[in-house]
Amino acid sequence: MPPCDSLGSFTDLGRADIRNPEQMVTFLIGPEGKKFLIHEEAACVASSVLKAAFRGPFIEGQKKTYRLHHTSVEAFRYLSQYLYSGNINFATHNPDHTHHWASACEEERKAHEKICCDQDQHLFKLWVLADELIIPHVQNIAVEQILRVFSECGWETSEIEYVYKNTAADSPLRHLCVQMAAWDLPSNTLGEELEALPKQFSIDLAVAFSKSSPKDAKTRRKKAMIASYFFVKTESNK
Numbered sequence: 005m006p007p008c009d010s011l012g013s014f015t016d017l018g019r020a021d022i023r024n025p026e027q028m029v030t031f032l033i034g035p036e037g038k039k040f041l042i043h044e045e046a047a048c049v050a051s052s053v054l055k056a057a058f059r060g061p062f063i064e065g066q067k068k069t070y071r072l073h074h075t076s077v078e079a080f081r082y083l084s085q086y087l088y089s090g091n092i093n094f095a096t097h098n099p100d101h102t103h104h105w106a107s108a109c110e111e112e113r114k115a116h117e118k119i120c121c122d123q124d125q126h127l128f129k130l131w132v133l134a135d136e137l138i139i140p141h142v143q144n145i146a147v148e149q150i151l152r153v154f155s156e157c158g159w160e161t162s163e164i165e166y167v168y169k170n171t172a173a174d175s176p177l178r179h180l181c182v183q184m185a186a187w188d189l190p191s192n193t194l195g196e197e198l199e200a201l202p203k204q205f206s207i208d209l210a211v212a213f214s215k216s217s218p219k220d221a222k223t224r225r226k227k228a229m230i231a232s233y234f235f236v237k238t239e240s241n242k
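Here is the structure:
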């Protein structure tokens, strides 16, 4: 992460080195414009986008205010942790904490899964926010956390629509959603799930399934296809 000219930097411990603590900037988050005050140095050190905004000839630099419409307050709280510490402490499934939820009682497990579900939506928003601000390390932290939660508690496919609305066609986050869906969604509900999801996601999922089949397996299945498997019923074949 390149430091800002004449500003602080991240220390060897990953914490922002604030040399001018009196210099603050305002972030307005989400549709409601929730206000956050952040040290200008912490924002500029982490993000070249924020550096250009606050230190350049733009309205954000003049007013020391930056608006982020398409994210959540909780996602920005995660980001603000990173701006100051170089790390993020999540609600559940932190890498330094292990808990075998499979052995927990049903009530405790349901409460935990509710927390994970709520956290998940902000993790996807955190990735998109970090993409907008060009902070790739935060994107990777978000992906690691999404997969930690996914491996034990699953995920909510409702986040796919947000991802496809706010990412490019070649986005790694789209690829992640496709792979998670391919290996997690049960076949008996897949059609119902896809009806509520973006058309492009269905296309990407079909491509992923096709790529997952080895070429020799495709050749064998192609040669083994039997016409009678696809016959419609007649009086003679009922």
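Going letter by letter, the sequence shown gives residues 5 to 242 in this note's numbering. Where a beta carbon is used, it is the ideal one built from N, C-alpha and C, also for glycine.
- Per the coordinates, the alpha-carbon of G37 lies some 18 Å from the alpha-carbon of A57.
- DSSP places K169 in the uninterrupted alpha helix (DSSP H) bounded by E163 to K169.
- Between E163 and D124, the gap from beta carbon to beta carbon is short of 8 Å.
- Looking at the DSSP output, H43 bridges to M28.
- As a beta-bridge residue in DSSP terms, Y70 pairs with F31.
- For K237, the three-state secondary structure derived from DSSP is coil.
- A direct Cα-Cα distance of roughly 8 Å separates R71 from T30.
- Residues of the same chain with a CB within less than 8 Å of the CB of S216, apart from the 5 flanking positions on each side, are A186 in chain order.
- Following the DSSP letters along the chain, one finds G195 inside the alpha helix (DSSP H) bounded by residues S191 to E199.
- W159 is positioned such that its CB atom lies no closer than 8 Å to that of V147.
- Note on E44: 16 or more other CB atoms within 10 angstroms of its CB, so buried under the neighbour-count rule.
- The C-alpha of S214 lies about 51 Å from the C-alpha of I22.
- Rounded to whole angstroms, the gap between the alpha carbons of P35 and A200 is 24 Å.
- Exposure of F235 is indicated by the presence of fewer than 16 other C-beta atoms within 10 angstroms of its C-beta.
- Annotation: the continuous alpha helix (DSSP H) that includes W187 extends over P176 to D188.
- Within the same chain, I92 and V142 come within 6 Å of Y86 by CB-CB distance, once the 5 residues on both sides are set aside.
- Residues of the same chain with a CB within less than 6 Å of the CB of D208, apart from the 5 flanking positions on each side, are V182 in chain order.
- With respect to L137, L54 sits close: the two C-beta atoms are nearer than 8 Å.
- Closest in C-alpha terms to K129, from the list C48, E165 and R224, comes E165.
- For T69, the CB contacts under 6 Å within the same chain, skipping 5 residues up- and downstream, are T30 in chain order.
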